[in-house]
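Chains as they are written, first to last, in our numbering: chain A, 1240 to 1686; chain B, 752 to 1219.
Positions of the beta carbon are idealized from the N, C-alpha and C atoms, including for glycine.
Here the structure is a predicted model, which means the values were calculated and not measured.
In what follows, a single structure is set out as structure tokens and then discussed.
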Amino acid sequence: MFRMLSRFAFSLLLVLLTLPALALPVQEVMSSKGIRAWLVQDHSTPILALQFAFRGGVEQDPVDKQGLSVLFADALTEGAAARDAKAYQQALAEHGLSFGLDAGRDAIAGSLYGLTAELPTAAELAHDALTAPRFDADAVSRLKQRQAGAIEARLADPEWQARRALYATVYAGHPYSYRSLGSAASLKHIDVEDLRGELKRRLARDNLLVSVVGDITPDALAELLDKIFGDLPEHAALNPIKDIAVPSQPTSQHLQQEGGQSYLLFVAPGIKRDDADWHAASLLNYILGGGGFESRLMEEVRNKRGLTYGIDTSLAAMRYSGLLVGEAKTANGKAGEAWDTTKQVWQNVYEHGVTEAELKAAQDYLVGSLATGFTSSGAIAGMLLSLQKDNLPKDYLDQRADLLRSVTVDDVARVAKRLLNPARLSLVAVGAPEGIKTDKEEEFVHE
Amino acid sequence: MLVLPGRSGFCRLFFVCCLLFATAAAAKVYDPTTFTLSNGLEIVVVPNHRAPVVHQMLWYRVGAVDEMPGKSGLAHYLEHLMFKGTDSVAPGAYSKQIAAVGGHDNAFTSYYYTAYFATAPVDFLPQLMQLEADRMQNLHITEEQAKPELDVVLAERRQRTDDDPGGRFAEKMNKTIYGTEYPLGRPVIGWRDEVAAMTVADAQAFYRRWYAPNNAVLIVSGDVTPERVLQLAQANFGDIPAKTLPDRIDSRDLYHPHDKPESLFVQDPDVQQVNIQRHYQAPTYQNALGNEAYALEVLAQIIDGGAVGRLYRSLVMDKKVATETGADYDALGREKGSFVIALALPPKGNAGKAVAALDTLIARLVKRGVTQAEVDLAVKRLREQAIFTRDHLMTAGYAFGQHLSLGLPVASVEDWPDKIAAVTVDDVNAAARALFSSNDVVTGYLLPDGKNPTGKVGKITAPQGDIR
């Protein structure tokens, strides 16, 4: 469930990732050591939200040491410099600071949040974690045990099993097929020396992106940036990763599971964020299945037929590939009807595109929804960071509404022809779905 | 993954549940303006001018505890039907109109309340209010709309409960804790056969009985002024007549306390990681004596407290019998509060050892008490949460909605940091002794069924025995 939540949130972010033409001036701040950050000053509350990312995520893991990036990111805040894990976490708590890092696809992201009065301590703790983490054996072994527990929990999750099976097929031989947490076996191959190696090559100034929202002036931020990041090496040493396209031959897989319900995960080729058709594709996705209660798929599969509680699609724009991903849960006995209805909707949009009214509604939503994403300083900082990850210019925010408004039904029809060919739709069905034929029987992985 | 207590609400679509972050009650931070219309509608306004956006929530003081026996799930079914149109708004048009300006809307149902909410550009507030006021009195439910929606609700139940090991476990836990007669012992979404048998007439009757301005709280936060909100509320809700509300069901006699600690073992084929959850009966804000509720909040912070709490330090860092831990005190209930401790175990983790370690931790805490330094840090962190909560547009709506729905005053939210600051070491120790000396406690074990190759479970002999 939470995975679905977060993926939905992610897709929203991709779609919303602009700021509206409102009073939200984004400043670029450059520190004396050359560290750059985007800043939105907000002096209404004495709070600072600083978010950062180092390019290079779990796709950097060695194939036999999958799970390394996640362990590495977690271990950074488990003791640094003179403080062991307990002392480090105690210092964060005593100063009311939240600080942590998380390895995701394409980047290791970090977040520092707290009261501005605590910034000196915040800077010291963050600096130490990024430049002098201890990787004490006791802490590392505890984190490995926790990660092993999380792997075990995932093995029981049909949605995770479906994604794993899908990525293993679609991205065979590419690091995008890797399991972010690794497996029980791969964790055994990881030791403290591996973590030290990652520290040298993953965290540097040339793969760092920073965005800040809150109660701070540009000068004070410049100083803070140097304190936190100034001692990082200049260059990261990341493995080059190749772009990968979705195979033209679709696959359909079935994973048997007892229970009354089936989970359907389906994908089509998507596009990357730097594609010229990005805005047309996000409008298309909104109309097809991205638009909450209003999408075509929700209308046909949920509202009219009551076949599911929810069905959605999203554009997964990764650094080296793009997917259009959809998912739904349905009663086993209704799985065939749900899947047939889904394919009909797909076929229909592929052949006929969308209507002027649908496009207008989607444009209205995507243009207007920008401001409604500004619910907290962390949310705004997250949006700014996404823009940077996607190499968008600072003034993209001002252009976004026009870019969306200039898309025509012909553009959407063209992109539909490009992305929605029903013959290229791949499926993973988990459960005991009735009325769905698949090419391959697969099994849950068990470790 | 930690399986958390099953008290959360059910909502129209899953993704909003993440918004239900614990507003442990916000603080003297919101500085709200409040009004009451002559028809009884309570209004709370919290200006926040960061962005030209508004968040509107309408809470009805009715939920699953108000359902008659045999009609479990009715409050939640009605929540779904509230989106199916009125005399003047077509089915589905409600959400469409809000989406057309870039806004989004949803709703959720819990034991004590049902809430409808939307976030939209502030210019749209008049229409938001008009739409919400319209469906307070003009809901139009047809068989044609209601039938497929019942299938949607059944699909929701399947997705969240029947086909989810955590959901199945939560339902069994609640049944064990509260029994079958007490309202909290049944699921908010309803028992499957009772949901399947619900009719349009049931929903209409429930709507007519409970949906009224004098049974609702309207909270508006965002780029607004109190005067403007009052003016709009008066114009849109002012003419809706108040109703004579039915008496609430008094269910106190339906609760039968456990006279000795009880254990629930659930072996589930779809589970690999062992989860343990211990549930203590606890007072609410309303029936706690003195400042016991606030002392329990400080206690929960001392026990949980993330990576610096007693639970994580002892069970995860020192003894290594668990990988994730959590403690949560919920003082927001009409009759019953709860104090829950949850553990997730490492692969091949020994449940007997983990629970023994938990028992040792609690025994030591009761015997030796907490320290001044622990209380000071817990109070500081809780009070900081009250500042951080101001940073979020939606938290005011949730905090005031939950408190006012239960009949608590605005001050219950606004004075919260002061009440927390007044908690002493003695208060915490007294509250801990009372809490942990009770026999009214249930420990639930969610276990693999042993057929799974990676989740072998040893023989379960006794509740505190050697369980793997």
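According to DSSP, residues forming a beta bridge with residue i
| i | result |
| --- | --- |
| Ile892 of chain B | Looking at the DSSP assignment, Ile892 of chain B forms no beta bridge with any residue, so it has no partner. |
| Asn1026 of chain B | B:Ala1095 and B:Leu1197 |
| Leu1522 of chain A | None; Leu1522 of chain A has no bridge partner. |
| Glu1013 of chain B | B:Val1193 |
| Ile794 of chain B | B:Phe786 and B:Leu969 |
| Gly1269 of chain A | Correcting the residue identity first, residue 1269 of chain A is Met in this sequence and not Gly. Paired residue(s): A:Arg1275. |
| Gly1088 of chain B | B:Ala1033 |
| Ile1286 of chain A | A:Leu1354 |
| Ala1556 of chain A | A:Gly1561 |
| Val1452 of chain A | A:Val1279 and A:Ala1288 |
| His855 of chain B | B:Thr870 |
| Pro1372 of chain A | A:Ala1319 |
Contacting residues, own chain, Cβ-Cβ under 7 Å from residue i (five flanking each side not counted)
| i | result |
| --- | --- |
| Lys923 of chain B | Leu1015 and Val1017 |
| Glu1043 of chain B | Pro1034 and Ala1182 |
| Asn1571 of chain A | Gly1499, Gln1500, Ser1501, Gly1670, Ala1671, Pro1672 and Glu1673 |
| Glu1402 of chain A | For clarity, residue 1402 of chain A is Arg in the given sequence; the question names Glu instead. The answer, listed in chain order, is Leu1504. |
| Asn1524 of chain A | Thr1552, Ser1553, Leu1554 and Leu1563 |
| Gly973 of chain B | Asn799, Val804, Val805, His806, Val873 and Leu1144 |
| Val1540 of chain A | Leu1546, Thr1547, Ile1550, Ala1567, Ala1577, Thr1580 and Thr1581 |
Contact set for residue i: own chain, Cβ-Cβ below 8 Å, skip 5 residues either direction
| i | result |
| --- | --- |
| Ala1574 of chain A | Ser1501, Leu1503, Ala1668, Gly1670, Pro1672, Glu1673, Gly1674 and Ile1675 |
| Ala1407 of chain A | Ser1416 |
| Val1648 of chain A | Gly1592, Val1593, Thr1594, Glu1595 and Leu1598 |
| Ile1429 of chain A | Lys1304, Gly1306, Leu1307, Leu1310, Lys1383 and Gly1421 |
Alpha carbon of residue i to alpha carbon of residue j, nearest angstrom
| i | j | result |
| --- | --- | --- |
| Gly1436 of chain A | Ala1346 of chain A | 17 Å |
| Val980 of chain B | Lys1383 of chain A | 53 Å |
| Ile1526 of chain A | Lys1099 of chain B | 47 Å |
| Ala1319 of chain A | Pro1372 of chain A | 4 Å |
| Gly1335 of chain A | Leu1005 of chain B | 43 Å |
| Thr784 of chain B | Gln1037 of chain B | 23 Å |
| Val804 of chain B | Thr1490 of chain A | 44 Å |
| Gly1530 of chain A | Ala1601 of chain A | 8 Å |
| Tyr1031 of chain B | Leu1186 of chain B | 7 Å |
| Glu1267 of chain A | Ala841 of chain B | 48 Å |
| His1518 of chain A | Met1557 of chain A | 16 Å |
| Gly1388 of chain A | Ala1376 of chain A | 18 Å |
| Lys1070 of chain B | Asp1433 of chain A | 26 Å |
| Phe1620 of chain A | Asp1281 of chain A | Here residue 1620 of chain A turns out to be Ala, not Phe, going by the sequence shown. Rounded to the nearest angstrom, the two C-alpha atoms are 11 Å apart. |
| Ala947 of chain B | Leu901 of chain B | 7 Å |
| Gln1052 of chain B | Gly1353 of chain A | 18 Å |
| Glu1538 of chain A | Lys898 of chain B | 15 Å |
| Val1059 of chain B | Gln1328 of chain A | 6 Å |
| Lys1011 of chain B | Ala1073 of chain B | 26 Å |
| Gly854 of chain B | Pro1472 of chain A | 44 Å |
| Leu1062 of chain B | Asp915 of chain B | 27 Å |
| Asp998 of chain B | Gly1056 of chain B | 41 Å |
| Ala869 of chain B | Thr1569 of chain A | 27 Å |
Residues of its chain near residue i, where Cβ-Cβ distance is below 6 Å and the 5 sequence neighbours each way are ignored
| i | result |
| --- | --- |
| Glu1317 of chain A | Ala1324 and Ala1378 |
| Met1269 of chain A | Arg1275 |
| Asp1367 of chain A | Ala1319 and Ala1320 |
Contact belief for residue i with residue j at Cβ below 8 Å, rounded distance in angstroms
| i | j | result |
| --- | --- | --- |
| Ser1002 of chain B | Pro934 of chain B | 5 Å |
| Val1451 of chain A | Leu1442 of chain A | About 18 Å; that fails the 8 Å criterion. |
| Tyr1589 of chain A | Pro1661 of chain A | 6 Å |
| Leu1157 of chain B | Leu1083 of chain B | 6 Å |
| Pro977 of chain B | Val1126 of chain B | Their Cβ separation, rounded to whole angstroms, is 37 Å, which puts Pro977 of chain B and Val1126 of chain B out of contact at 8 Å. |
| Val1049 of chain B | Val1130 of chain B | 6 Å |
| Tyr862 of chain B | Val968 of chain B | The pair is not a contact, with the Cβ atoms about 16 Å apart (cut-off 8 Å). |
| Leu1364 of chain A | Ala1312 of chain A | Going by Cβ atoms, the distance from Leu1364 of chain A to Ala1312 of chain A rounds to 16 Å, so no, they are not a contact pair. |
| Ile991 of chain B | Gln888 of chain B | 5 Å |
**OP:** Please confirm if the stretch 1409-1427 of chain A is in contact with the stretch 1100-1111 of chain B, defined as three or more CB-CB distances below 8 Å between the two stretches.
**Re:** no
Subject >> Segment contact, 8 Å Cβ cut-off, at least three pairs: the stretch 1337-1354 of chain A with the stretch 1296-1304 of chain A >> reply: yes
**OP:** Mind the definition here: the stretch 1455-1473 of chain A touches the stretch 1276-1291 of chain A only if three or more C-beta pairs lie below 8 Å; say whether that holds.
**Re:** yes
Original post:
With contact counted as at least three CB pairs below 8 Å, one residue from each stretch, are the stretch 829-842 of chain B and the stretch 949-960 of chain B in contact?
Top reply: yes
Original post:
Within the chosen definition, does the stretch 1159-1168 of chain B reach the stretch 805-814 of chain B through at least 3 CB pairs nearer than 8 Å?
Top reply: no
Subject >> Contact residues within the stretch 1127-1146 of chain B, judged by C-beta distance below 8 Å to chain D >> reply: You won't find chain D in this structure, because its protein chains are A and B.
Original post:
Between the stretch 1299-1308 of chain A and the stretch 1419-1429 of chain A, are three or more C-beta pairs nearer than 8 Å?
Top reply: yes
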